[in-house]
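J.: Residue numbers (UniProt numbering), protein chains in the order written: chain V, 1 to 165; chain X, 1 to 165. Glycine included, C-beta positions come from ideal geometry on N, C-alpha and C. Bear in mind the structure is a predicted one, so any value in this text is a computation, not a measurement. Here you go, one structure.
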């Protein structure tokens with residue numbers, strides 16, 4: 001069986017997982033720091049921070065971080081002990097996990113993006129109310145989208161491997 | 001090669017495509033009719049209807065409708081002439097098209113859902129401003145999610161067929 005880029009138990013697979021962790025962590029950090037500004041803001045009239053979708057983004061990126069971190073550890077283990085992770089049962093598990101976390105990440109990123117587009121473009125709140133850290137929210141959402149792209153790549157590689165068995 | 005449920009050029013494939021068309025059309029119809037209420041509403045103080053995400057949902061479901069309709073026509077053609085659609089080039093095209101429309105549908109459904117959750121739960125506008133047809137928006141979004149589920153099924157079947165060549 002030919003080796004695909006991003007297969008489990010390879011250096012490229014490990015790199016992909018570590019990058020996923022890094023982007024998910026950066027997205028969470030930015031979103032949390034933007035939400036924490038709320039506590040320092042006395043004149044906030046409009047409560048963006050309680051938006052359920054932003055909490056959902058944090059939760060979903062948290063799940064993504066845990067999943068990618070777990071698989072990165074497994075890759076390190078496989079590389080050190082020279083084990084082969086490519087058996088149908090393990091790959092099926094990876095496919096399901098990757099697919100679920102990818103969908104959750106995309107859903108979280110899109111719902112948050114929907115709210116930011118509403119604020120920034122449709123209602124023009126970002127200009128009018130300068131205390132809202134719109135830029136931070138936007139960067140956090142872009143990072144979430146990048147995380148999703150990376151996990152979608154993993155998910156497709158796994159599905160390809162599973163279908164080739 | 002064993003026949004998968006939902007493969008191109010089969011009755012199950014055709015049924016899946018027609019169901020996708022039906023749900024996408026229903027979602028568009030509800031969203032448009034909810035948005036048209038706007039013109040009959042004189043006392044609207046808060047403009048939900050101009051939300052970019054709702055236009056995006058209509059556009060994305062429109063694209064989905066065209067794509068699924070095209071493939072349904074191809075399935076009818078293949079069934080009548082007893083042609084086999086399962087060659088690598090055609091299936092690759094189906095995989096890419098299904099994947100792109102599935103991601104666009106999910107993105108549209110999630111971003112609109114984000115806005116509706118913000119209105120209905122976080123800001124409580126649906127109770128306070130009874131002229132907003134929240135229920136219609138919600139049903140339209142649920143239909144968009146069902147359309148996405150159906151297209152995701154198609155997309156996975158196609159990917160599986162492609163990987164088995």
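Can you tell which of X:30, X:22 and X:77 has its C-alpha closest to the C-alpha of residue 10 of chain X?
T.: Out of X:30, X:22 and X:77, X:77 has the C-alpha closest to the C-alpha of residue 10 of chain X.
J.: Measure the CB-CB distance between residue 117 of chain V and residue 111 of chain X and report whether it falls below 9 Å.
T.: Cβ atoms of residue 117 of chain V and residue 111 of chain X: closer than 9 Å.
J.: Alpha carbon to alpha carbon, what distance is there between residue 105 of chain X and residue 159 of chain X?
T.: Their backbone Cα atoms lie some 18 Å apart in a straight line.
J.: Flag residue 117 of chain V as yes if its beta-carbon sits less than 9 Å from any beta-carbon of chain X, otherwise no.
T.: Answer yes: the Cβ-Cβ gap between residue 117 of chain V and chain X drops below 9 Å somewhere.
J.: Alpha carbon to alpha carbon, how far is residue 54 of chain X from residue 124 of chain V?
T.: The straight-line gap from Cα to Cα measures roughly 17 Å.
J.: The alpha helix (DSSP H) that contains residue 138 of chain V, what's its start and end?
T.: Residue 138 of chain V -> alpha helix (DSSP H) spans 134 to 164.
J.: I think residue 24 of chain X touches residue 61 of chain X, with their Cβ atoms under 8 Å apart; what is that distance to the nearest whole Å?
T.: So it is a contact: roughly 5 Å between Cβ atoms.
J.: If you run the structure through DSSP and keep just helix, strand and coil, what is residue 60 of chain V?
T.: Residue 60 of chain V falls in the helix class under three-state DSSP.
J.: On the three-state DSSP scale, how would you describe residue 20 of chain V?
T.: In the structure shown, residue 20 of chain V sits in a helix (DSSP, three-state: H, G or I).
J.: Closest to residue 34 of chain V by C-alpha separation, out of V:149, V:148 and V:139, would be which residue?
T.: The shortest C-alpha separation from residue 34 of chain V is found at V:139.
J.: Does residue 106 of chain V come within less than 9 Å of chain X when only Cβ atoms are used?
T.: So yes, residue 106 of chain V belongs to the interface.
J.: Using only alpha-carbon positions, find the residue among X:84, X:103, X:18 and X:134 that is nearest to residue 70 of chain X.
T.: Nearest option by C-alpha distance: X:18.
J.: For the stretch 124 to 136 of chain V and the stretch 87 to 105 of chain V, state whether three or more C-beta atom pairs, one from each stretch, are separated by less than 8 Å.
T.: No: fewer than three Cβ pairs fall under 8 Å.
J.: With a threshold of 9 Å between beta-carbons, can residue 124 of chain V be considered close to chain X, or not?
T.: No, residue 124 of chain V lies away from the interface with chain X (no Cβ there is under 9 Å from its Cβ).
J.: Cutting at 6 Å between CB atoms, please list the residues of its own chain near residue 146 of chain V, excluding the five before and the five after it.
T.: Closer than 6 Å at the Cβ level, and outside the excluded window around residue 146 of chain V, lie 23.
J.: Is residue 97 of chain X close to chain V? Criterion is C-beta to C-beta, closer than 9 Å.
T.: Chain V contact via Cβ: absent.
J.: Does any C-beta atom of chain V lie closer than 9 Å to the C-beta of residue 160 of chain X?
T.: Cβ-Cβ to chain V under 9 Å: yes for residue 160 of chain X.
J.: So, is the C-beta of residue 168 of chain X closer than 9 Å to a C-beta in chain V?
T.: What the structure shows of chain X is the stretch from 1 to 165, and residue 168 of chain X is not part of that stretch, so it cannot be assessed.
J.: Evaluate residue 128 of chain X with the Cβ neighbour count: other Cβ atoms within 10 Å of its Cβ, from every protein chain shown; 16 or more gives buried, anything less gives exposed.
T.: Exposed is the call here.
J.: Work out the CA separation of residue 80 of chain V and residue 64 of chain V for me, nearest whole Å.
T.: Approximately 24 Å between the Cα atoms of the pair.
J.: Quick one: give me the first and last residue of the alpha helix (DSSP H) that residue 122 of chain X is part of.
T.: Run containing residue 122 of chain X: none; DSSP gives neither H nor E here.
J.: Kindly list the residues whose CB is nearer than 6 Å to the CB of residue 43 of chain V, restricted to its own chain and excluding five residues on each side of it in sequence; keep chain order.
T.: Unreliable placement is indicated for residue 43 of chain V, whose pLDDT of 47 sits below 50; the coordinate value is still reported in the next sentence. Cβ neighbours of residue 43 of chain V beyond the five flanking positions: none.
J.: Are the CB atoms of residue 122 of chain X and residue 52 of chain V nearer to each other than 9 Å?
T.: Contact: yes.
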